[in-house]
Amino acid sequence: MALLTRDFYEQHPVETARQLIGKILVRRTSQGLSSGVIVETEAYLATDDPASHSYRGKTRKNATMFGRAGLLYVYPIHGRYCLNAVTESRGVASAVLIRAVMPLQGIDLMQQRRQCPMMDLTRGPARLCEAFAVDRRLDGWDLTREARIWIEQPDEAMGSEQQIAVTPRIGVTSGHRLELRFFLKDCPSVSGPRKIARSAAEAKG
Numbered sequence: 002m003a004l005l006t007r008d009f010y011e012q013h014p015v016e017t018a019r020q021l022i023g024k025i026l027v028r029r030t031s032q033g034l035s036s037g038v039i040v041e042t043e044a045y046l047a048t049d050d051p052a053s054h055s056y057r058g059k060t061r062k063n064a065t066m067f068g069r070a071g072l073l074y075v076y077p078i079h080g081r082y083c084l085n086a087v088t089e090s091r092g093v094a095s096a097v098l099i100r101a102v103m104p105l106q107g108i109d110l111m112q113q114r115r116q117c118p119m120m121d122l123t124r125g126p127a128r129l130c131e132a133f134a135v136d137r138r139l140d141g142w143d144l145t146r147e148a149r150i151w152i153e154q155p156d157e158a159m160g161s162e163q164q165i166a167v168t169p170r171i172g173v174t175s176g177h178r179l180e181l182r183f184f185l186k187d188c189p190s191v192s193g194p195r196k197i198a199r200s201a202a203e204a205k206g
């Protein structure tokens with residue numbers, strides 16, 4: 002499988018969020034390798050997006066969002082963490098939240114970390130981070146390096162435009178009507194409502 006290069010992340014976050022569906026998130030620790038198919042994402046825009054962490058400007062906590070494309074932005078929430086891929090160019094603070102993956106490798110290792118039923122292992126951004134041992138120490142990590150954590154293009158494509166649904170984001174109090182959430186239809190690892198607003202192909206058109 003091929004490592005995603007920086008030009009992939011230099012796209013608009015909507016394009017990146019859509020195209021990340023079906024890609025493989027890989028995490029390497031001293032305990033072993035974990036991986037999963039990305040099945041749910043949300044785009045966060047650099048402008049006119051009150052739900053984005055960058056909306057009110059640059060701070061010490063969100064500084065990674067203003068960095069180069071391909072960096073990992075990790076932020077804390079209720080004592081847990083969420084992971085994002087930074088998109089576009091340096092100074093343009095946009096990102097894609099990875100909300101859920103379908104586990105592939107290292108399932109036993111994930112279960113040791115999570116101690117939960119299989120269906121809840123990586124279903125949701127905080128659960129995903131716990132299963133993959135992702136915390137604030139990985140904030141600013143370069144996803145284009147094949148070490149610690151990265152994203153790969155699978156050998157065979159998973160999820161055509163017709164199989165990817167588009168809905169408003171979930172769990173946000175602002176900008177909640179924007180259709181910026183993408184997920185693989187009929188996938189049990191998706192974290193939220195699966196009611197389909199329209200397919201990615203329709204949204205793109």
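Throughout the sequence shown, residue numbering follows the working numbering, covering 2 to 206 in sequence. Don't be surprised by glycine CBs; every beta carbon is placed ideally from N, CA and C.
Just reading off the alpha helix (DSSP H) that residue i is part of, what are its end residues?
i	result
I108	108-115
R128	126-132
V15	14-21
Quick one: using the 10 Å Cβ neighbour count with 16 as the cut-off for buried, is residue i buried or exposed?
i	result
Q163	exposed
E43	buried
I171	exposed
L147	The question names Leu, but residue 147 is Glu in the sequence shown. The residue in question, E147, is exposed, as its Cβ has fewer than 16 Cβ neighbours within 10 Å.
L84	buried
E157	exposed
S90	exposed
T65	buried
D140	buried
I78	exposed
R61	exposed
Rounded to a whole number of angstroms, what is the C-alpha to C-alpha distance between residue i and residue j?
i	j	result
W151	I165	22 Å
S95	R114	30 Å
R178	Q12	22 Å
Q32	Q112	13 Å
A108	S35	First, the residue type needs correcting, since residue 108 is Ile and not Ala in the sequence shown. So the alpha carbons of these two residues sit roughly 7 Å apart.
What first and last residue would you give for the beta strand (DSSP E) that runs through residue i?
i	result
Y82	81-88
P77	73-78
V173	Note, V173: premise wrong, no beta strand (DSSP E); not H, not E.
R61	Segment: none, R61 is in no beta strand (DSSP E) and carries neither H nor E.
R28	25-30
Between the options, which has its C-alpha nearest residue i's C-alpha?
i	options	result
D136	A64, A127, R61	A127
P189	L122, L139, D140, R138	L122
P104	L144, I22, A158, G37	G37
T145	L73, E16, V40, D49	L73
V75	I108, V15, F133, V93	F133
S53	V97, D143, D187	V97
R19	L84, R91, Y45, L110	Y45
Y10	A86, E131, M2, W142	A86
G176	R57, E16, D49	D49
L5	D143, F183, P194, R182	D143
R149	V93, A101, R29, Q116	R29
C130	G193, A3, G80	G80
E16	S192, L181, P194	L181
F183	G68, A101, Y56	A101
Rounded to the nearest angstrom, how far is the Cβ of residue i from that of residue j, given a contact under 8 Å?
i	j	result
V207	E153	Only positions 2 to 206 of the chain appear in the structure, and residue 207 is not among them; the question remains open.
L185	I22	6 Å
P14	T88	4 Å
R7	A70	6 Å
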